[in-house]
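For the protein sequence lines, the chains are A and B, in the order given.
Mapping of the first sequence onto our numbering: residues 290 to 364, in sequence order.
Mapping of the second sequence onto our numbering: residues 290 to 364, in sequence order.
Virtual Cβ for every residue (Gly too), placed ideally from N, Cα, C.
This structure is a prediction, so every number in the text was calculated from the model and none was measured.
2 protein chains.
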Amino acid sequence: MEVLKVSAKSNPNSVAGALAGVLRETRSAEMQAIGAGAINQAVKSIAIARGFVAPHGVDLICIPAFTDINIGFVK
Amino acid sequence: MEVLKVSAKSNPNSVAGALAGVLRETRSAEMQAIGAGAINQAVKSIAIARGFVAPHGVDLICIPAFTDINIGFVK
Numbered sequence: 290m291e292v293l294k295v296s297a298k299s300n301p302n303s304v305a306g307a308l309a310g311v312l313r314e315t316r317s318a319e320m321q322a323i324g325a326g327a328i329n330q331a332v333k334s335i336a337i338a339r340g341f342v343a344p345h346g347v348d349l350i351c352i353p354a355f356t357d358i359n360i361g362f363v364k
Numbered sequence: 290m291e292v293l294k295v296s297a298k299s300n301p302n303s304v305a306g307a308l309a310g311v312l313r314e315t316r317s318a319e320m321q322a323i324g325a326g327a328i329n330q331a332v333k334s335i336a337i338a339r340g341f342v343a344p345h346g347v348d349l350i351c352i353p354a355f356t357d358i359n360i361g362f363v364k
C-alpha cells in the first residue's frame with residue numbers, strides 16, 4: 290500500500306490531492322504522521338480528500354492506528 | 290448522535306472508554322476537537338477504542354469532517 294508521509298508543515302490541500310490520486314489507482318492508502326501538528330494536517334487532508342473523491346462515488350473513511358517506526362541516523 | 294468534545298488535555302484512554310460506551314448503545318458517535326493538540330488526542334482515542342470494540346465484532350472507522358461551531362461569550 291502506498292505510504293504518504295505527512296508533516297506539520299504539509300499543505301492539507303496538496304496532501305489531499307496526492308491522497309485522491311493514490312486512491313484512484315489503489316482504492317486505499319496509508320498515511321504516516323508523527324506529532325500533533327502532523328496528525329492535524331493529515332486529518333484535515335482526509336476531510337478535504339473526501340470532497341475530491343465523493344463525486345466519483347467513493348465514500349472515503351479512515352482507520353487510525355499506532356505503528357512502530359525505524360529512525361535512522363547518518364553518521 | 291452523541292457528541293464527545295475532546296481537548297488537548299483529554300486522556301486518550303478515557304476518551305476511548307467513553308467512545309466505546311457510546312458506540313455500544315448507538316453504533317455511531319460524533320467527536321469534536323479544536324486545534325492540533327485536541328485533534329491528536331481524538332485520533333489516538335479512536336485508535337485505542339478500535340481495540341476496545343474489536344472483540345465485539347465492531348470494525349470502528351472514522352470520517353473526518355470540518356464543521357462550524359458557535360462560540361458564546363458570557364458578559
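For residue i: DSSP bridge partner residues
| i | result |
| --- | --- |
| L293 (chain B) | B:M320 |
Chain-ordered neighbours of residue i on chain A, where CB pairs are closer than 8 Å
| i | result |
| --- | --- |
| N329 (chain B) | G324, A325, I328, N329 |
Span of the alpha helix (DSSP H), counted from its first residue to its last, around residue i
| i | result |
| --- | --- |
| S334 (chain B) | 325-342 |
| G306 (chain A) | 301-315 |
Min CB distance residue i to chain B below 9 Å
| i | result |
| --- | --- |
| L312 (chain A) | no |
| R316 (chain A) | no |
| V332 (chain A) | yes |
Residue-chain proximity (residue i, chain A), Cβ-Cβ < 9 Å
| i | result |
| --- | --- |
| L349 (chain B) | yes |
| F355 (chain B) | yes |
| A307 (chain B) | no |
| A297 (chain B) | yes |
Under 9 Å by beta carbon: chain A residues contacting residue i
| i | result |
| --- | --- |
| I352 (chain B) | I335, A336, R339, D348, L349, I350, C351 |
Beta-carbon neighbours of residue i, restricted to chain A and to distances below 7 Å
| i | result |
| --- | --- |
| V292 (chain B) | Correct list: empty, because the minimum Cβ distance to chain A is about 17 Å. |
Given 8 Å, three or more beta-carbon pairs between the stretch 291-311 of chain B and the stretch 338-345 of chain A: No, they do not touch.
The stretch 333-340 of chain B contacting the stretch 349-360 of chain B, beta-carbon criterion three pairs below 8 Å: yes
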